[in-house]
Amino acid sequence: MTDALVLVLVGLCLGQVVLLRRLRAEKERVEKLEGARRDFLADVSHNLGTPLAAVLGWTELLLEAKDMPAAERVDKLHRIARDVQYVSKTVKQLLDLSRLEASPPELRLEVFPLLEPLMEVVESLAEAAAENGTKLSFDGISPACRVRADRVRVREVLQVLLENVVAHAGKNASAVVAVKAQEGRWLVTLTDDGIGIETGRLNHLQRRFFPSGGTGAGLGLSIAHRLVAAHGGVLDLAQLTGGGTQATFSLPQG
Numbered sequence: 334m335t336d337a338l339v340l341v342l343v344g345l346c347l348g349q350v351v352l353l354r355r356l357r358a359e360k361e362r363v364e365k366l367e368g369a370r371r372d373f374l375a376d377v378s379h380n381l382g383t384p385l386a387a388v389l390g391w392t393e394l395l396l397e398a399k400d401m402p403a404a405e406r407v408d409k410l411h412r413i414a415r416d417v418q419y420v421s422k423t424v425k426q427l428l429d430l431s432r433l434e435a436s437p438p439e440l441r442l443e444v445f446p447l448l449e450p451l452m453e454v455v456e457s458l459a460e461a462a463a464e465n466g467t468k469l470s471f472d473g474i475s476p477a478c479r480v481r482a483d484r485v486r487v488r489e490v491l492q493v494l495l496e497n498v499v500a501h502a503g504k505n506a507s508a509v510v511a512v513k514a515q516e517g518r519w520l521v522t523l524t525d526d527g528i529g530i531e532t533g534r535l536n537h538l539q540r541r542f543f544p545s546g547g548t549g550a551g552l553g554l555s556i557a558h559r560l561v562a563a564h565g566g567v568l569d570l571a572q573l574t575g576g577g578t579q580a581t582f583s584l585p586q587g
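Heads up: take any position in the sequence shown, counting from 1, add 333, and you land on this note's numbering.
The structure is reproduced here in structure tokens:
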């Protein structure tokens, strides 16, 4: 056997080894994705099934309890409305995420002060924030901080991030929204001193099929991640030393 033929055979063997390694790695990636997908679907089913079961239970109770006091009846109706709103919101997020995965969002760009959608979100969350004792402050943001972006989409991102603080940071948490200029963009940072997020969860929260363990399916953050990316930025989440979470993203200056 000539040296040239040996070299050819060695090259073919090495090529097969590399190919097999790539195939094995791809198989493992697909298996992990499929497992995460199953976990995600199970988690969403749980998070939808629980409130739907509650709605059914409260409704049956109202139908059977003919002599229930008016105040108690109103309380039960409020509970039903709250659970129906939760289910409706989850379904909407699933549809939104499905559309974003099918194709990038079509942005309607305009120039506007970032403060405007931010204050709209703050106002919408005022009641929930008051109930939880959540305190919000601002640093470096003014009407001069103008962005060139899709106003509706930017509000969606801010809504997701601030809702997470109110809902998951814990009682009496404080949060700061800071804005500063950075290379033609506005860098937005939302920092809270709440209970924080486990490091393992932070590595997965922005993934499509992340199972949350009963605390929400991470749908909002997945949507926010894609909307920020559509504006040329990246949504980063970080756990702070001593507790708390920090979310950072940027938008083009207007």
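Every residue, glycine too, gets a C-beta built ideally from N, C-alpha and C. Predicted model only: the values in this text are computed from it and were never measured.
Helix, strand or coil at P384 according to DSSP, with G and I counted as helix | helix
Between the segment 479-486 and the segment 444-462, are three or more C-beta pairs nearer than 8 Å?
-> yes
Drop a sphere of 10 angstroms on the beta-carbon of A514, count the other beta-carbons inside from all chains shown, and report buried for 16 or more, exposed for fewer.
-> exposed
Is the distance from the Cβ of T423 to the Cβ of L552 below 9 Å?
-> yes
Note down, in chain order, each residue of its chain lying with its Cβ closer than 7 Å to the Cβ of G466, except the 5 sequence neighbours on either side.
-> K504 and N505
Rounded to whole angstroms, what's the CA-CA distance from D416 to V388? Just pull it up for me.
-> 7 Å
Kindly indicate which residue of L573, C478 and E453 has the alpha-carbon position closest to the one of V490.
-> E453
For W519: DSSP bridge partner residues | A514 and L584
Counting along the chain, where does the beta strand (DSSP E) carrying K468 start and finish?
-> K468 to D472
Excluding the five sequence neighbours on either side, which residues of its own chain have a C-beta within less than 6 Å of the C-beta of G549, listed in chain order?
-> Summary for G549: the model assigns pLDDT 47, below 50, so the residue's position carries little reliability, and this model does not support an answer.
Return the CA-CA distance between G575 and I413, expressed in angstroms with no decimal places.
-> For G575 and I413, the distance between alpha carbons rounds to 38 Å.
Sheet register partners of E443 (DSSP bridge) | A482
Three-state class that DSSP yields for A571 in the structure shown = strand
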